[in-house]
Amino acid sequence: MPAGQRHPHPMTAKAGFKRMLAHVFHMGQRLGVDVLPRHFYSEIPDIRKLRATQHWRKPFSMTGVTGADLPPQRAFLETTMRAAGPAATDPQLHQAACARNGEPGFGRIESQFLYAFVRAHRPQRIVQVGCGVSTAVCLAAIKDAGYAGRVTCIEPYPTKFLLDAHRDGEIELVRAAVESLDYGFLQQLRDGDLFFVDSTHTLGPAGEVTRIILEMLPRLSDGVYAHFHDIAFPYDYQGDILTSALFCWHETTLLHGFLTFNDRFRILASLSMLHFGEQSALRAMFPDYDPRQNIDGLTLCEGDYPSSIYLRCARPA
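Count along the sequence shown from 1, then add 115; that gives the number in our numbering.
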């Protein structure tokens, strides 16, 4: 090395390499891809490590979560399905909702229970974050139940179905990202109403999930129902994590943490928990239910995997 020339400081070299990786990452995002280094700090799991280990492949105990016991959940489903009648399990229900939406989306068993829930419990107002097939199901249930329920869809990128439904006066359409709204819109939800969430499932500084769970749920009035979709209780991972999953959602984990030792919210029904623990009961209630087989929450073959969860705020004492 020439006289007077210093070795580069190791932290300077590391910082330069990090800046280079950040530049590649930003360039990749402009092209629609994320290019990231494999690092133990990353929220993206190391699939090789998951495949090589077993300790993580087990359900959570759900300690401290009110309503986690399966018998009351099963009873809530049975009561709701009985009150809704045979229309809830009509095979044409989900097909018609998908056709009206223009593409499939919300699952078959989830759609049947959502229909039953709306028809049996008759929420006067439903606010949806994440709309489509579920919206068509809600509208069908309200019509068949014969009451004047109101549906508000918060959707920044509405489909033709939503635009047409808004034009025809079937729904109120709010063309905005829910995280950009003032929380005052939650005041319209009263005892017996439904806050329906089926959004991106992702956590992040500009995302809606953290705002919904940490800011909006605590503001709900007593007696309001809340729904989330793609919740994997009692596990914290999706069944296809080792095979085909490209997105590793953490909404389930955040909701689990929110519910732990939270006396104001209780689980009324977690369809995934019943799928893992009460398949015979689900078969009795849903004749079309063809359960996806699994081991330790990991998918073994295709089939139905209902993953809606229904919560309720504590009612006034």
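By construction, the Cβ of each residue, glycine as well, lies at the ideal position given by its N, Cα and C atoms.
Tell me which residues share the same chain as residue i and place their Cβ nearer than 7 Å to its Cβ, disregarding the 5 neighbours each side in the sequence.
{"i": "residue 198", "result": "235"}
{"i": "residue 409", "result": "354, 415"}
{"i": "residue 153", "result": "161"}
{"i": "residue 136", "result": "152"}
Considering only the beta carbon of each residue, do residue i and residue j sit closer than 9 Å?
{"i": "residue 344", "j": "residue 310", "result": "no"}
{"i": "residue 403", "j": "residue 201", "result": "no"}
{"i": "residue 287", "j": "residue 312", "result": "no"}
{"i": "residue 239", "j": "residue 222", "result": "no"}
{"i": "residue 387", "j": "residue 362", "result": "no"}
{"i": "residue 428", "j": "residue 373", "result": "no"}
{"i": "residue 257", "j": "residue 294", "result": "no"}
{"i": "residue 181", "j": "residue 377", "result": "yes"}
{"i": "residue 242", "j": "residue 300", "result": "yes"}
{"i": "residue 407", "j": "residue 307", "result": "no"}
Classify residue i: buried if its beta carbon has 16 or more other beta carbons within 10 angstroms, exposed otherwise.
{"i": "residue 398", "result": "exposed"}
{"i": "residue 282", "result": "exposed"}
{"i": "residue 390", "result": "buried"}
{"i": "residue 170", "result": "exposed"}
{"i": "residue 321", "result": "exposed"}
{"i": "residue 371", "result": "buried"}
{"i": "residue 367", "result": "buried"}
{"i": "residue 330", "result": "exposed"}
{"i": "residue 302", "result": "exposed"}
{"i": "residue 276", "result": "buried"}
{"i": "residue 421", "result": "buried"}
{"i": "residue 405", "result": "exposed"}
Once DSSP output is grouped into helix, strand and coil, what is the label at residue i?
{"i": "residue 362", "result": "coil"}
{"i": "residue 155", "result": "coil"}
{"i": "residue 339", "result": "coil"}
{"i": "residue 207", "result": "helix"}
{"i": "residue 425", "result": "strand"}
{"i": "residue 413", "result": "strand"}
{"i": "residue 267", "result": "strand"}
{"i": "residue 279", "result": "helix"}
{"i": "residue 380", "result": "strand"}
{"i": "residue 259", "result": "helix"}
{"i": "residue 148", "result": "coil"}
{"i": "residue 274", "result": "coil"}
{"i": "residue 408", "result": "coil"}
{"i": "residue 314", "result": "coil"}
{"i": "residue 168", "result": "coil"}
{"i": "residue 303", "result": "helix"}
Near residue i, what residues of its chain come up, given a Cβ to Cβ distance below 6 Å and the 5 sequence neighbours on each side ignored?
{"i": "residue 247", "result": "216, 220"}
{"i": "residue 251", "result": "212, 215, 216"}
{"i": "residue 177", "result": "183, 349"}
{"i": "residue 174", "result": "349, 350"}
{"i": "residue 86", "result": "Beyond the ends of the chain as shown, which are 116 and 432, falls residue 86; an answer cannot be given."}
{"i": "residue 440", "result": "The chain is shown only over 116 to 432; residue 440 falls outside these bounds and no answer can be derived."}
Can you list, in chain order, the residues of its chain whose CB lies under 8 Å from that of residue i, leaving out five sequence neighbours each side?
{"i": "residue 189", "result": "389, 393, 396"}
{"i": "residue 296", "result": "269, 289"}
{"i": "residue 226", "result": "208, 209, 212, 248, 249, 252"}
{"i": "residue 305", "result": "239, 240, 336, 338, 339"}
{"i": "residue 445", "result": "Nothing can be reported for residue 445, as the shown portion of the chain is limited to 116 through 432."}
{"i": "residue 346", "result": "366, 367, 370, 385, 387, 422, 423, 424"}
My understanding is that residue i touches residue j, with C-beta atoms under 8 Å, so please give their C-beta distance in whole angstroms.
{"i": "residue 382", "j": "residue 183", "result": "6 Å"}
{"i": "residue 166", "j": "residue 357", "result": "6 Å"}
{"i": "residue 400", "j": "residue 193", "result": "7 Å"}
{"i": "residue 244", "j": "residue 157", "result": "Not quite, the Cβ-Cβ distance comes to about 28 Å (not below 8 Å), so this is no contact."}
{"i": "residue 419", "j": "residue 159", "result": "Wrong, their Cβ atoms sit about 28 Å apart, outside the cutoff."}
{"i": "residue 292", "j": "residue 271", "result": "5 Å"}
{"i": "residue 325", "j": "residue 318", "result": "6 Å"}
{"i": "residue 172", "j": "residue 411", "result": "4 Å"}
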